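Undergrad: Pasting in a structure now, in structure tokens, and then I'll have a few things to ask.
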Amino acid sequence: MSIQEILRLAEELIYDHTGERLDYLQKTILQRTLEGQTYKKIAEETYASETHVRYIGAKLWKTLSEILGDKITKANFRTILEKTNIYNFVPVFSRDNVTNNFNICPSNPRASPTKTNPPQKPTQNIIDLDKAPEIINFYGRTDELSTLSKWIVSDRFRVISLLGISGIGKTTLSLKLIQQIKTNFNYIIYRTLRFSPTLTTTLTNLLEIFAPETETSDNIETLLSQLQKYLEKYRCCIIFDDVHKLFAPGKLSGQYKSGYEDYRDFFQLLVTVSHQSCLLLISREKIPEITKLETENYPVRTLILGSLGAAANEICQKHQLVDRESWEKLINNYQGNPRWLDIVATTIQELFGSQVAEFMEYETLILPEALQAELEQQLQHLSPMEIRVMEQIANQSQPISIGEIIRKSELSIQESVNVIQSLKKQLLLDGQLENNLTVFTLNPVWKEYLKNKLEKSENINEL
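In this text, residue positions in the sequence shown follow this note's numbering: the first is 813, and each later residue adds one.
In structure tokens form, the structure reads like this:
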């Protein structure tokens, strides 16, 4: 049979079974499968994600399996349909005469569809980066790459948390890491939790990658058990970005949103049970159960990203800034944060003729609107007590002790301690020892932003 004959036969079989015509993507998957193309190539042609193409393909094979009584897969689709006995076959079918024009005799008429077994070890690595951003620029981070690679590939830690303030380059680093470690894994999967999917949704999505032709359960325990088997069977690296989006806004750090508490058990499970895979969690605040397990000598590690340091000079070069002798101070003022520096460098280009020295002449740290918007977004996530403490610290010219925080914020000792711990977990507060006394301060960008915000509020109140 020709490709077109097989394609038309498959279309009519599915229509007769479901009463629905195939859409563009379904037809393309069938035709390109007959032509020997991979899911990846089909995804590129249809501008769909490879994961979605696999999912739709799996549903097609399942439907055809139910119709023919044979197990249909992408690999055997053509072979099975060519072996199907067709009587009174005509090249063009219609809904009215399709059942009268041919009979279908499965090669094994008594066989019934069976559950799909876990897939065999893939002959090539599967990398699924659904919704991962493209790496446009990457600066430095050679030490961090080396550390993460060692922890994941050599030391085989089960869970690693990659932390850092917003814009510091956590996601970019993780995607660069994939290029370095991809040959060591059967599966590498990137997923963002930015839109707070439920754990059931997340687990179902993962299982569809490992076994696209297997029906998944709605029971979380069953889903966890199935995923655990794949993590034991295969060497997998799963990256979850934006983990902090699971935490409740307006509350202290590490408190999960209502209905998302089962992620806590999920993360703990992947640390405490034996498997050969690695989970990389990216967040701008510490994940409490990971921090706790790290102190108990479980195979888990945390890496906190700091300033780019001298590597940030590349950002200045990219924006063609002058006054090279002023670059180091500019980088330090904005914490070596690549996104902040990109925003500031653009402002220097547009308003200061690329002159860094002129931009740095002002006593006030200049915060462009885009940078302020980013800080405000994070501020809205904090609790009222956290905002109060940050404002008190921002108003001080020198680092401040816990005792001073208690007096100025009018919080109880317990509240003050909890708030300070929460801010430190979110990497918003820096602590240091001075004259045997622990004192706290904010980074210059946050300090300037909060001072400006307080001044605006006071001016409005005076009107």
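Note that CB positions come from ideal geometry on N, CA and C, so glycine has one too.
Just so we're clear, the structure is a prediction, and the values are computed from it rather than from any experiment.
In terms of alpha-carbon separation, which member of Thr863, Ile841, Ser1234 lies closest to Pro1024?
TA: Out of Thr863, Ile841, Ser1234, Thr863 has the C-alpha closest to the C-alpha of Pro1024.
Undergrad: Is the number of C-beta pairs between the region 1030-1039 and the region 951-962 that are closer than 8 Å three or more?
TA: Flag = no, the region 1030-1039 and the region 951-962 do not touch.
Undergrad: Just tell me which of Ile1051, Glu1175, Glu1162 has its CA closest to the CA of Leu985.
TA: Nearest of Ile1051, Glu1175, Glu1162 to Leu985, Cα basis: Ile1051.
Undergrad: Just to confirm the assignment, what range does the alpha helix (DSSP H) spanning Gln1244 have?
TA: Premise fails: Gln1244 lies in the beta strand (DSSP E), 1242-1246, not in any alpha helix (DSSP H).
Undergrad: Could you name the residues that DSSP lists as bridge partners for Leu974?
TA: Per DSSP, Ile1094, Leu1115.
Undergrad: Between the Cα of Ser1119 and the Cα atoms of Arg1151, Leu1092, Ser1138, which residue gives the shortest distance?
TA: Nearest of Arg1151, Leu1092, Ser1138 to Ser1119, Cα basis: Arg1151.
Undergrad: Output the boundary residues of the beta strand (DSSP E) element that contains Val1251.
TA: Its beta strand (DSSP E) spans residues 1249-1253.
Undergrad: How is the alpha helix (DSSP H) around Tyr827 delimited, first residue to last?
TA: Per DSSP, Tyr827 belongs to the alpha helix (DSSP H) from 815-830.
Undergrad: Leaving out five residues before and five after Leu941 in sequence, what residues of the same chain have Cβ atoms less than 7 Å from its Cβ?
TA: Tyr1002, listed in sequence order.
Undergrad: Name the DSSP bridge partner or partners of Phe1059?
TA: Answer is Tyr1068.
Undergrad: What whole-angstrom Cβ distance do Ile972 and Leu960 have, given they're in contact under 8 Å?
TA: Confirmed, about 7 Å.
Undergrad: Note down, in chain order, each residue of its chain lying with its Cβ closer than 6 Å to the Cβ of Val1083, except the 5 sequence neighbours on either side.
TA: Arg970, Val971, Leu1105, Tyr1110, Val1112.
Undergrad: Quick check on the DSSP output: the alpha helix (DSSP H) that includes Ile1099 runs from which residue to which?
TA: Looking at the DSSP string, Ile1099 is not in any alpha helix (DSSP H), and its letter there is neither H nor E.
Undergrad: To the nearest angstrom, how far is the alpha carbon of Glu824 from that of Lys874?
TA: So the alpha carbons of these two residues sit roughly 15 Å apart.
Undergrad: Can you name the start and end residues of the beta strand (DSSP E) that Arg1003 belongs to?
TA: 999-1004 is the extent of the beta strand (DSSP E) around Arg1003.
Undergrad: Check each candidate in Ser1224, Leu1187, Asn1247, Gly1243 and name the one with the smallest Cα separation from Lys1265.
TA: Per the Cα distances, Leu1187.
Undergrad: Give a yes or no on contact between the region 1093-1105 and the region 1237-1247, applying the rule of three or more CB pairs nearer than 8 Å.
TA: A contact exists between the region 1093-1105 and the region 1237-1247.
Undergrad: Quick check on Ile1225: buried or exposed, where buried means 16 or more other Cβ atoms within 10 Å of its Cβ?
TA: Flag for Ile1225 reads exposed.
Undergrad: Classify Arg866: buried if its beta carbon has 16 or more other beta carbons within 10 angstroms, exposed otherwise.
TA: It counts as buried.
Undergrad: Between Leu941 and the ligand FMN, is there a pair consisting of the residue's CB and a ligand heavy atom that are separated by less than 6 Å?
TA: The ligand FMN is not among the ligands present in this structure, which contains no ligands whatsoever.
Undergrad: Look at the Cβ atom of Val1134, then the Cβ atom of Ser1166, and state whether they are nearer than 7 Å.
TA: Result yes, Cβ atoms of Val1134 and Ser1166 sit closer than 7 Å.
Undergrad: Helix, strand or coil: which one does DSSP assign to Ile772?
TA: Residue 772 lies beyond the residue range present for the chain, which begins at 813 and ends at 1275; the question has no answer from this structure.
Undergrad: Straight-line CA distance for Ser1138 to Thr1028?
TA: Spanning the two alpha carbons is a distance of roughly 58 Å.
Undergrad: Exposed or buried, which one is Arg1006 when buried takes at least 16 other CB atoms within 10 Å?
TA: Arg1006 comes out exposed.
Undergrad: Excluding the five sequence neighbours on either side, which residues of its own chain have a C-beta within less than 6 Å of the C-beta of Glu894, listed in chain order?
TA: Excluding sequence neighbours, Glu894 sits near Met813.
Undergrad: If you reduce the DSSP assignment to three classes, tell me which class Gln986 lands in.
TA: The amino acid at residue 986 is misidentified as Gln; the sequence shows Ser. DSSP places Ser986 in helix when its eight states are reduced to three.
Undergrad: On the three-state DSSP scale, how would you describe Gln1190?
TA: Reduced to three states, the DSSP call for Gln1190 is helix.
Undergrad: Residues in its own chain within less than 7 Å of Ile1199 by CB, not counting five upstream and five downstream?
TA: Leu1191.
Undergrad: On the DSSP letters alone, give me the boundaries of the alpha helix (DSSP H) that Phe1079 sits inside.
TA: 1074-1084 is the extent of the alpha helix (DSSP H) around Phe1079.
Undergrad: Put Ile1050 into one of helix, strand or coil per three-state DSSP.
TA: Reduced to three states, the DSSP call for Ile1050 is strand.
Undergrad: Which residues bound the beta strand (DSSP E) around Asp940?
TA: That run of the beta strand (DSSP E) goes 938-940.
Undergrad: Give the straight-line distance between the Cα atoms of Ile1180 and Thr1159, rounded to the nearest whole angstrom.
TA: The sequence as given places Pro at residue 1180; Ile does not occur at that position. Taking the straight line from one Cα to the other gives about 7 Å.
Undergrad: Of all the options Gln992, Leu1245, Ile892, which has the alpha carbon lying nearest to the alpha carbon of Lys962?
TA: Residue Gln992 is the option with its Cα nearest to Lys962.
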